[in-house]
Amino acid sequence: MIKKAILPVAGLGTRFLPASKSIPKEMVTVVDRPAIEYVIKEAIAAGIEQIILVTHSSKASIENYFDRNFELEATLENKKKYDLLKLITEIVPAHVSIVSVRQPQPLGLGHAVLCAKDIVGHEAFAVLLPDVLVKDSAEKNDLAKMIERFSQNQAAQIMVEAVPDDMVDQYGIVDVQESPAEGQSIVMQGIVEKPAVGTAPSNLSVVGRYVLPAKIMQLLEQTPKGAGNEIQLTDAIAMLQQTEAVEAYRMKGQTFDCGSKIGYLKAVLHYGVEHATLGADFKQLIKELEI
Ligand code: G1P
């Protein structure tokens, strides 16, 4: 079973300036929690037990958030604020560890994943890009389904969703003979990073959730710079697909691109109205806006 997940968080978040000038974009709050907590919870719900953050010196607040804060805990304990104490000590369950490694240079997503090579060792692993929040459908979460599929057939799983044709140049795009049904995987014929509009093999875009065999690390070591003059994970997956089956998994849940400002606002609305204690009041506030 897949127990490790890599979360690349070293990116500077230029799409989220000015907030990301001094706050890591992953720490921007969606309702009452940093965006990255939703992604880590998604990984844990899929059975992940070790989270590997590939990070940067400016992102220490991410590690701090998932660490214990003894001073705060002691203060809350002394003041008998047990509800708040519970809230801050239950962010990550005890069986899950969070470790970090630095990406010393911004050489691309493929390079970021490669920075975790020694930590994943010979195990297959998941990759979750924290810009994108994935909200589960009513069923089991999509990542859990990809892990289940991988453990049955050992084929790498790449989560995809359909995007409008004029947006294909913003994503990795897969080449498949037919579009899989939601919740299903299909062997892909190829994958290309950010193709020009009108040249894409399909409109199925890579969402930012992957289940990959350890072998991808050797391929990443040989991957030349690609789109944007960066070492692309997509290009290493294209190499993998030359020698073994790689599958596109079509997601059932819903995505929110929190790397973009409008995607972030949409996430706040959706998670806000469903929040256990704030949801009803938040809905009322939206109604009162009368827009
Ligand atoms: C990365 C991947 C791309 C994927 C996208 C999803 O691109 O390289 O294949 O479709 O994430 O968000 P980025 O958004 O980092 O440019």
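Numbering follows the UniProt record's numbering, with no gaps: position 278 of the sequence shown is 278. Every residue gets a Cβ at the ideal spot worked out from N, C-alpha and C, and that includes glycine. Computed from a prediction, not measured in an experiment: that's the story for all the values here.
Residue pairing of I191 in beta bridges, as defined by DSSP: V174. The shortest CA-to-CA distance from V206 to any of A112, T29, D257 is the one to D257.
Counting the other Cβ atoms within 10 Å of the Cβ of Q170 gives fewer than 16, which makes it exposed. Excluding sequence positions up to five before and after L219, its CB lies within less than 7 Å of the CB of A236, M239, L240, all in the same chain and listed in chain order.
A Cβ-Cβ separation of about 7 Å places Y210 in contact with A126 under the 8 Å criterion. Taking the Cα positions, R250 is about 10 Å away from Q157.
Residue pairing by DSSP places Y210 opposite V127, I158 in a beta bridge. Contact between the segment 5 to 18 and the segment 258 to 268 is present: 3 or more CB-CB pairs across the two stretches fall below 8 Å.
Judged by DSSP in its simplified three-state form, S100 adopts strand. Take P224, set aside five residues on each side of it, and the residues of its chain with a beta-carbon closer than 8 Å to its own are I231, D235, in chain order.
Excluding its 5 nearest sequence neighbours in each direction, S137 has C-beta neighbours in its own chain below 7 Å: K252, G253, listed in chain order. Its chain contains V9, P24 as the residues whose beta carbon lies nearer than 6 Å to that of K59, once the 5 sequence neighbours on both sides are disregarded; these appear in chain order. Per the Cβ contact rule, the segment 146 to 156 is not in contact with the segment 18 to 32 (fewer than 3 Cβ pairs under 8 Å).
Residues of the same chain with a CB within less than 8 Å of the CB of E77, apart from the 5 flanking positions on each side, are L85 in chain order. Look at the segment 59 to 90 and you find these whole runs of alpha helix (DSSP H), each 4 residues long or longer: 60 to 66, 70 to 78, 82 to 89. Straight through space, the alpha carbons of E290 and L129 are spaced by roughly 36 Å. In this chain, R15 is not harboured by any alpha helix (DSSP H), its DSSP state being neither H nor E. Counting C-beta pairs with one atom in each stretch, the segment 192 to 199 and the segment 271 to 291 have fewer than three that are closer than 8 Å, which means they do not touch. Rounded to the nearest whole angstrom, the CA to CA distance from Q50 to E288 is 44 Å. Between A46 and N141, the CB-CB gap stays under 7 Å.
Burial state of Y264 is buried, judged by a 10 Å Cβ sphere holding 16 or more other Cβ atoms.
Bounds of the alpha helix (DSSP H) holding K283 are 279 to 289. If you compare the alpha carbons of Y38, E42, A94 with that of A144, the shortest gap goes to E42. With fewer than 16 neighbouring CB atoms inside 10 Å of its own CB, K81 falls in the exposed class. Judged by DSSP in its simplified three-state form, S205 adopts strand. Set against 6 Å, the gap from the CB of V99 to the closest heavy atom of the ligand G1P is not smaller. Counting the other CB atoms within 10 Å of its CB gives D131 a total of 16 or more, which places it among the buried residues. In terms of Cα proximity to L269, the closest of V96, R15, M27, K135 is K135.
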